[in-house]
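Take a look at the structure set out below.
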Amino acid sequence: MRKAFAAFFLTVMLLVQSPLQQVLKLPVLVAHFAEHKTRSHGEISFLEYINHHYFTNHPDDGDTDRDRQLPFRASEVVMINSTVVVPGQILPEFEPPVFKEEAYPLLTVTGPSSLFAFDIWQPPKAC
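Mapping the sequence shown onto the numbering used here, position 125 (from 1) lands on 139, and the numbers just tick up by one.
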């Protein structure tokens with residue numbers, strides 16, 4: 015039963031929120047093309063029909079209401095907001111860390127520190 019409800023709501027969402035709704039109007043496109051073909055006695059091709067209805071600002075030929083029913087002809091704005099409320103969880107209380115102040119002994123060096131650099135660095139030896 016849950017799968018049937020999920021499929022139903024998915025179908026409704028796809029039909030409303032996507033261009034799939036316009037694809038369902040393709041039979042209207044074919045029927046209107048047949049009307050134009052009979053009116054022009056077979057003189058119009060499908061590409062001329064598409065160009066006439068979608069790419070040119072064609073004059074009013076008496077079927078404006080029928081032209082508005084064609085797919086992808088008019089923009090329809092549909093807005094659906096879905097809000098999901100997640101029940102709150104009880105989170106553990108945050109305890110800030112405790113820092114201990116300790117006195118660390120300082121290293122005291124007598125003499126210049128640059129003298130120790132010569133003890134560390136060793137020049138490359140010739141083979």
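C-beta atoms are modelled at their ideal positions from N, C-alpha and C, and glycine is treated no differently.
I need the boundaries of the alpha helix (DSSP H) containing residue i, first residue and last residue.
i: Asp-79; result: 78-82
i: Gln-35; result: 34-37
i: Tyr-63; result: 60-64
On a CA-only basis, which of the options is nearest residue i? Give me that one, please.
i: Asp-81; options: Ile-64, Asn-95, Ser-96, Thr-97; result: Ile-64
In chain order, what residues of the same chain lie with their CB nearer than 8 Å to the CB of residue i, ignoring the 5 residues before and after it?
i: Leu-34; result: Leu-28
So for residue i, helix, strand or coil by DSSP?
i: Phe-140; result: The question names Phe, but residue 140 is Ala in the sequence shown. Three-state result, Ala-140: coil.
i: Leu-43; result: helix
i: Tyr-68; result: helix
i: Lys-114; result: coil
i: His-50; result: helix
i: Met-27; result: helix
i: Arg-16; result: helix
i: Ala-21; result: helix
Can you name, in chain order, every residue of its own chain whose Cβ lies under 7 Å from the Cβ of residue i, other than the five neighbours on each side?
i: His-50; result: Ile-58, Tyr-63
i: Phe-60; result: Phe-47
i: Leu-40; result: Pro-85
i: His-72; result: His-66
Which residues in the same chain as residue i place their Cβ atom closer than 6 Å to its Cβ, once the five residues preceding and following it in sequence are excluded?
i: Phe-86; result: Gln-36
i: Leu-105; result: none
Using 8 Å for Cβ pairs, my map puts residue i next to residue j. What's the rounded Cβ distance?
i: Leu-43; j: Leu-84; result: 6 Å
Is any heavy atom of the ligand COA found at a distance shorter than 7 Å from the C-beta of residue i?
i: Pro-73; result: For the ligand COA, the structure offers nothing, since it holds no ligand at all.
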